[in-house]
Every structure is written in structure tokens, then in C-alpha cells.
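A.B. asks: 1 is the number of the first residue of the sequence shown in UniProt numbering; add one for each residue after it. Below you will find the structure I want to go over with you.
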Amino acid sequence: MKPNVVLYKSIPDPELNKLHRHFNLTCFDGVNAQNREQFHHALTHAEGIIGSGVNMPAPLLDTATNLKAAATISVGTDHFDLDYLTQRGIPLIHTPGVLNETVADTVILLALGAARRAVELSNMVLDGRWTQNIGQQHFGVDLYGKTMGIIGMGRIGCAVAKRAHHGFGMSICYHNRSANPEAEQDFAAQRLELDELLQVSDFIVVLVPLSEQTTKLIGEAQFARMKPSAVFVNAARGKVVDEQAMITALKNNMIRAAGLDVFEVEPLPANSELTKLDNVFLLPHIGSATSETRLAMVECAVDGFIAAMNGDYSQACANQKALGGLSRDLIARQDLLTSRHCSFSEKSPGNLDYLSHQGGEFGVILYSEHIDTLSCVNWVLLIVSA
């Protein structure tokens with residue numbers, strides 16, 4: 001008998017048919033007031049769930065007593081209670097890797113659009129207000145040769161740094177929980193404390209995942225440290241930034257401009273103060289929204305989900321600790337405390353930090369890594385010594 005699976009997002013027919021071949025599928029084209037009760041009822045029988053755009057708190061997940069695996073068609077996992085899934089040993093499949101380049105393109109678009117006042121000047125033309133050559137009051141600023149500070153130098157951060165450094169001749173600095181030797185070598189990136197990065201950067205890009213630690217990471221104190229000429233870009237999550245503090249900074253010319261793809265409340269309310277400002281470039285959360293990338297995300301999520309439902313958790317699992325990963329028990333084994341190679345599948349955000357931290361308690365030192373990527377599966381070879 002096929003496992004019961006709930007799909008709560010419309011996906012292309014080839015991937016939908018693939019799910020139908022493997023599972024007894026209950027489908028929802030999103031969840032709204034009209035179908036929410038049916039959706040909640042379907043969860044009580046579900047052994048697997050896959051979709052995106054629906055909050056999955058612990059009380060809701062608790063009703064899915066038969067749940068074996070979940071998948072989100074996104075790289076972000078903040079709409080799931082990941083700690084709860086981890087406690088139950090349920091893997092959450094997501095889609096890292098496949099959207100790096102597309103989101104990086106969007107970041108550069110946000111930076112350029114805000115710096116060159118693209119919407120403001122485009123509206124001048126569309127409204128028929130362009131009646132003479134523009135003057136200094138409409139000038140923008142260059143990206144070329146400036147300093148970009150990236151808060152969160154992960155895969156997307158590196159893709160942004162590549163474009164900024166090699167394409168626009170920008171100097172790169174970054175703030176991260178741990179050093180990124182590849183970024184330092186490839187882009188001459190300099191790792192800085194957050195306060196210093198804010199003070200020296202001409203363009204500040206936020207790319208950290210949303211968590212308890214990063215909620216309102218950028219607030220009044222942080223905007224006060226930025227240059228008055230700084231352009232601020234957020235392509236992470238809206239709640240990483242104190243939106244009212246940002247609006248105040250923009251109104252009072254504490255910073256020059258902002259390029260935003262994400263907001264505290266989405267869709268952005270029509271009466272938001274942000275919509276009344278000229279020095280903003282706003283997009284409707286389109287970071288990964290290209291035909292090619294959205295299809296690749298669906299394929300990655302579906303393939304990873306099917307594998308997870310069959311006991312293979314090697315494909316893009318966001319909560320590797322739920323599956324044991326390289327656990328404390330394994331690290332503590334005497335036969336590991338010698339120089340050797342060990343393999344660890346799935347390079348999810350935080351995995352290497354987790355392994356390095358846990359291993360350090362037992363004298364294990366992570367001193368290099370080799371990453372080879374095939375589609376959405378990432379294999380990491382860790383070389384450790386004790």
C-alpha cells in the first residue's frame with residue numbers, strides 16, 4: 001500500500017506524476033480559509049508532507065502522528081518548527097544549492113536598483129516628468145570600486161561576492177560565525193566583526209537565515225553605525241531587520257538607500273511607509289523566481305523527499321542532527337581519534353560548524369574539506385586529525 005502524502009503546493013505535471021507513482025497523494029493548491037480544515041484533517045493521516053508557503057508550527061505538526069518525512073520547496077526552513085521535527089527524528093528536505101546563482105543575481109539587481117535610483121527615475125519617464133536633462137539631484141552612486149559587506153558568507157554569499165568582486169571590482173568584507181577560507185582566497189574577502197563591517201561598507205548585504213539569534217539582527221544601533229552614503233540590501237528574511245528602525249534611517253538620511261526583496265509582513269501592506277519613500281527599491285520576494293530555478297527547486301525537493309520516504313536521507317536534509325549525522329557518540333569513539341578520513345553526506349547550513357564544534361570537545365580538528373556537487377546532492381569529505 002502506498003504511503004499517504006500531502007502536497008500543499010501546485011507543481012509541474014512531471015513532478016506531480018512522479019509523486020503519484022510513489023504515494024497516495026492528497027493535493028492542495030496552497031492553504032487558505034476555505035480549505036484549511038480539510039488540510040488539517042489530511043495531516044492526521046499523512047506519512048509525508050511536501051510544499052511551501054505554509055507555516056508548520058509544532059502544534060500543527062503534532063497532529064501528524066504518522067509523519068516520517070517532510071520537504072519544503074525552498075532553501076529557507078523558518079516556516080517549519082525544525083527543533084520539533086528534530087526531536088521526533090523527522091527529516092526535513094529542502095533545496096540548497098540550486099538557487100544560489102539566481103538569488104545572487106537578485107542581490108546585484110537590488111544593489112544596482114537602489115544605488116542608481118532605478119524605480120524613481122523610471123517613474124519620472126513613465127509619468128512624463130522627464131522634460132530636461134537630469135541634474136545632480138537625480139544622480140546615483142557607483143558600485144564599481146566600492147566596498148561590499150556581506151553578512152552571512154554561505155553559498156549565496158559567495159555567489160554574490162564573486163559577482164561583486166570580479167564583475168564590479170568591489171572589495172569584499174564579511175561577517176560570519178566561522179571563517180570562509182575559500183571566500184578569502186577567491187575574492188580577497190576580509191572577515192570582520194559586525195560593527196566594523198557596518199562602519200566600512202558602502203553596500204551592506206544581509207543573507208543570514210532567520211533564527212532566534214538573527215531576528216532583528218540589524219536594528220537601530222546597527223543603522224546608526226552605517227555610513228550616510230551606505231546602500232542596504234536585504235535578500236534574507238524580513239524579520240532579520242527591524243523594519244521600523246530601517247524606515248527611520250531611510251527617512252532621516254542615516255543611510256542613502258535600501259534594496260529589499262523581503263519584509264516583516266508579506267505581502268507588503270499597501271499602506272507600508274516603505275511604499276512612500278523614494279530611496280527604496282522594492283521587490284515582491286522574487287529572489288529565486290525564475291522559471292529555470294523554480295523548476296530545479298521542485299525537482300530537488302521531490303527527489304529528496306522520495307528518497308527520504310524510502311530511508312535515504314543523503315539529499316539536502318536541513319536537520320542532519322535528527323538523523324544522527326556525525327554524532328557525539330561517534331566522535332567520542334576511540335578509533336576516530338586518529339588521523340583518518342571520514343565522509344559526511346549533505347552540506348547543509350551549519351553542518352561544518354556543528355562538526356567542528358562537537359569534534360573540538362574531543363580533540364578532533366577539522367582542517368580541510370572537499371566539496372563536490374551533483375544536482376542538489378552535496379558530498380563533503382572531511383579530513384580530521386586528533
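Built from N, CA and C at the ideal position, the CB exists for glycine as well. Small disclaimer: the values here were computed from a predicted structure and weren't measured.
For S171, which of helix, strand or coil comes out of DSSP?
C.D. replies: strand
A.B. asks: Is the separation between the beta-carbon of A70 and that of I90 shorter than 8 angstroms?
C.D. replies: Yes, the Cβ-Cβ distance between A70 and I90 is below 8 angstroms.
A.B. asks: Taking 7 angstroms as the limit between beta carbons, can you name the residues of its chain near I11, skipping five residues before and five after?
C.D. replies: V298
A.B. asks: Quick check for students: name the residue ranges of the beta strand (DSSP E) that lie wholly in the segment 124-207, counting only runs of 3 or more.
C.D. replies: 147-151, 171-175, 203-206
A.B. asks: Which of the three DSSP states is assigned to E346 in this structure?
C.D. replies: Because E346 sits at a pLDDT of 41, beneath the cut-off of 50, its placement in the model cannot be relied upon, and the following sentence gives the value as read from the coordinates. Under the three-state reduction of DSSP, E346 is assigned to coil, being neither helix nor strand.
A.B. asks: Who are the Cβ neighbours of A159 in its own chain at under 6 angstroms, not counting the five residues just before and after it?
C.D. replies: N100, E101, A104
A.B. asks: With burial defined as no fewer than 16 other Cβ atoms inside 10 Å of the residue's Cβ, what is the status of R129: buried or exposed?
C.D. replies: exposed
A.B. asks: Could you work out which residue in D278, V262, L295 is closest to P284 when comparing CA atoms only?
C.D. replies: Considering only alpha carbons, the answer is V262.
A.B. asks: Since I believe L207 is in contact with A236 (beta carbons under 8 angstroms), could you give me their beta-carbon distance rounded to a whole number of angstroms?
C.D. replies: 5 angstroms
A.B. asks: For Y144, does the count of other Cβ atoms within 10 angstroms reach 16, so buried, or fall short, so exposed?
C.D. replies: exposed
A.B. asks: Taking T290 as the reference, which of E220, K146, G167, T106 has the closest Cα?
C.D. replies: T106
A.B. asks: On the three-state DSSP scale, how would you describe G238?
C.D. replies: helix
A.B. asks: Does the distance from the C-beta atom of I50 to that of V5 stay below 8 angstroms?
C.D. replies: yes
A.B. asks: By how many angstroms is the C-alpha of M153 removed from the C-alpha of G238?
C.D. replies: 18 angstroms
A.B. asks: Short check: CB of Q222 to CB of L198, under 8 angstroms?
C.D. replies: yes
A.B. asks: So A161 and I151 are supposed to be a Cβ contact under 8 angstroms. How far apart are they, rounded?
C.D. replies: Not a contact, Cβ separation roughly 12 angstroms.
A.B. asks: If contact is defined by three or more beta carbon pairs under 8 angstroms, each pair taking one atom from either stretch, is the segment 38-48 in contact with the segment 59-78?
C.D. replies: yes
A.B. asks: Can you list, in chain order, the residues of its chain whose CB lies under 7 angstroms from that of N253, leaving out five sequence neighbours each side?
C.D. replies: P228
A.B. asks: Among residues of its own chain, excluding the 5 on either side of T77, which ones have a beta-carbon nearer than 7 angstroms to its beta-carbon?
C.D. replies: L92, H94, A318
A.B. asks: Could you name the residues that DSSP lists as bridge partners for N4?
C.D. replies: N24
A.B. asks: So the candidates are L61, G53, Q34, G30; which of them puts its Cα closest to the Cα of T44?
C.D. replies: L61
A.B. asks: So, do the segment 298-317 and the segment 16-30 have three or more beta carbon pairs nearer to each other than 8 angstroms?
C.D. replies: yes
A.B. asks: What is the rounded straight-line gap between the Cα of P3 and the Cα of I306?
C.D. replies: It is roughly 11 angstroms from the alpha-carbon of P3 to the alpha-carbon of I306.
A.B. asks: Distance check for A270 and residue 398, CA to CA, integer angstroms please.
C.D. replies: With the chain covering only 1 through 386, there is no way to say anything about residue 398.
A.B. asks: Just to confirm before moving on: does the CB-CB distance between R256 and N234 stay below 8 angstroms?
C.D. replies: Contact flag unset, no.
A.B. asks: Cα-Cα, which of A296, Q320, R191, P181 is closest to P14?
C.D. replies: Taking only the C-alpha atoms, the option nearest P14 is A296.
A.B. asks: Is the separation between the beta-carbon of V240 and that of L268 shorter than 8 angstroms?
C.D. replies: No, Cβ-Cβ distance for V240 and L268 is not below 8 angstroms.
A.B. asks: Which whole runs of the beta strand (DSSP E) in the segment 69-101 are 3 residues long or more, in chain order?
C.D. replies: Taking only runs of at least 3 residues, the beta strand (DSSP E) segments lying wholly in the segment 69-101 are 69-72.
A.B. asks: Using 8 angstroms for Cβ pairs, my map puts F281 next to L110. What's the rounded Cβ distance?
C.D. replies: 6 angstroms
A.B. asks: Where Y174 and G113 are concerned, what is the direct C-alpha to C-alpha distance, given to the nearest angstrom?
C.D. replies: 22 angstroms
A.B. asks: When DSSP builds the beta bridges, which residues end up paired with C317?
C.D. replies: I93
A.B. asks: According to DSSP, M56 sits in a beta bridge with which residue or residues?
C.D. replies: According to DSSP, which records beta bridges pairwise, M56 is partnered with F80.
A.B. asks: For I50, which of helix, strand or coil comes out of DSSP?
C.D. replies: The three-state reading of DSSP puts I50 in strand, counting E and B together.
A.B. asks: What does DSSP give as the partner residue(s) for A257 in the beta ladder?
C.D. replies: V231
A.B. asks: Mind checking D83: buried by the 16 CB within 10 Å criterion, or exposed?
C.D. replies: exposed
A.B. asks: Once DSSP output is grouped into helix, strand and coil, what is the label at A282?
C.D. replies: In the sequence on display, residue 282 carries Leu and not Ala. Looking at L282 - three-state DSSP - the assignment turns out to be strand.
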